[in-house]
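In what follows, a structure is listed as structure tokens, so that the remarks can point back to it.
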Amino acid sequence: MMASVNNEKINKFNLAINHYAQEQREKIEKEIAEYKRRELEEAEREVLNEAYRMIQKEMATMRDGITRERAHREMAARKELLEKRGKITETVFQKAAERLRSFTETEKYAALLQKFARNLSGILPDTGTVLCLRPDDLKYGELLKKAFGGECTVQADREISIGGVRAYHTGRGIMADETLDTMLEAQRGWFEETSGMAVV
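Each residue of the sequence shown is one higher than the one before, counting from 0 in numbering that gives the first Met the number 0.
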């Protein structure tokens, strides 16, 4: 009977130990499962954060690339427009120069040269002044001396290609320009402002 009581106590003890062990095992398994779940969630968060950072970085790189490409295209377009504007401007001024050269073949040109000489006589001293003309206009030399009204000399100036008169006085260091070349060139600024071909 004693042995049976002891066996019963041993069985109860074993059952209690097994039950406790089972509870501990379940508790540990739950803790492991919870730990795994938290680790998995953390890993998922890390992966999502890394993916988000990578996407943001790629988007920034793409935006930078698009911005650079747009700037490059805008610069290329501006350059092309500037070249076209330059060609148009040159064409307009070449045609204007041709029209002015045609004018120098008319009778009115001599009267204009005389007017220029009179204008210059009001600026330069009446002795020692040199009137410069394009080589083709030397035929008007005497006419211009008379219009100038003072003692002056006339000489050819190959830098004057369209026409008009340039005068200087070396002793006084004075120079005045009444050439069609300079007058036409002075119109470039006005033309660029008013032609409507500004590149912005």
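Beta carbons are placed, not taken as given, at the ideal position from N, Cα and C, and that holds for glycine.
It should be emphasised that the depicted structure is a prediction, and the values quoted were computed from it without experimental measurement.
Within-9 Å CB hit, residue i to chain B
| i | result |
| --- | --- |
| residue 165 | The structure shown contains no chain B; it is built from a single protein chain. |
Integer-rounded CB distance, given that residue j should sit under 8 Å from residue i
| i | j | result |
| --- | --- | --- |
| residue 149 | residue 125 | 3 Å |
| residue 178 | residue 187 | That pair is no contact at about 15 Å. |
| residue 136 | residue 162 | 6 Å |
| residue 134 | residue 157 | 7 Å |
| residue 60 | residue 190 | Contact flag wrong, Cβ pair sits at about 45 Å. |
| residue 123 | residue 168 | 5 Å |
Run of the beta strand (DSSP E) containing residue i, from where it starts to where it stops
| i | result |
| --- | --- |
| residue 127 | 126 to 132 |
| residue 140 | Where residue 140 is concerned, there is no enclosing beta strand (DSSP E), although the alpha helix (DSSP H) it sits in stretches over 140 to 147. |
| residue 163 | 163 to 168 |
Beta-carbon proximity list for residue i, same chain, < 7 Å, skipping 5 on both sides
| i | result |
| --- | --- |
| residue 54 | none |
| residue 193 | none |
| residue 160 | 133, 180 |
| residue 144 | 151, 153 |
| residue 115 | 163, 164, 177 |
Residue i, enclosing alpha helix (DSSP H) - first and last residue
| i | result |
| --- | --- |
| residue 157 | Counting along the chain, residue 157 falls outside any alpha helix (DSSP H), and DSSP gives it neither H nor E. |
| residue 188 | 179 to 193 |
Sequence-distant residues of its chain with Cβ nearer than 8 Å to residue i (five each side left out)
| i | result |
| --- | --- |
| residue 109 | 139, 142 |
| residue 182 | 163 |
| residue 65 | none |
| residue 98 | none |
Cβ-heavy atom distance, residue i to the ligand FAD, below 8 Å
| i | result |
| --- | --- |
| residue 173 | This structure lacks the ligand FAD, and indeed carries no ligand of any kind. |
> On the three-pair Cβ rule with 8 Å, is the stretch 113 to 121 touching the stretch 89 to 101?
Replying inline: Segments in contact, no.
> Can you give, in chain order, each stretch of the alpha helix (DSSP H) that sits fully within the stretch 57 to 123 and has at least 4 residues?
Replying inline: Within the stretch 57 to 123, complete alpha helix (DSSP H) segments of at least 4 residues are found at 107 to 120, given in chain order.
> Would you call the stretch 150 to 157 and the stretch 127 to 135 touching, i.e. three or more CB-CB distances under 8 Å?
Replying inline: yes
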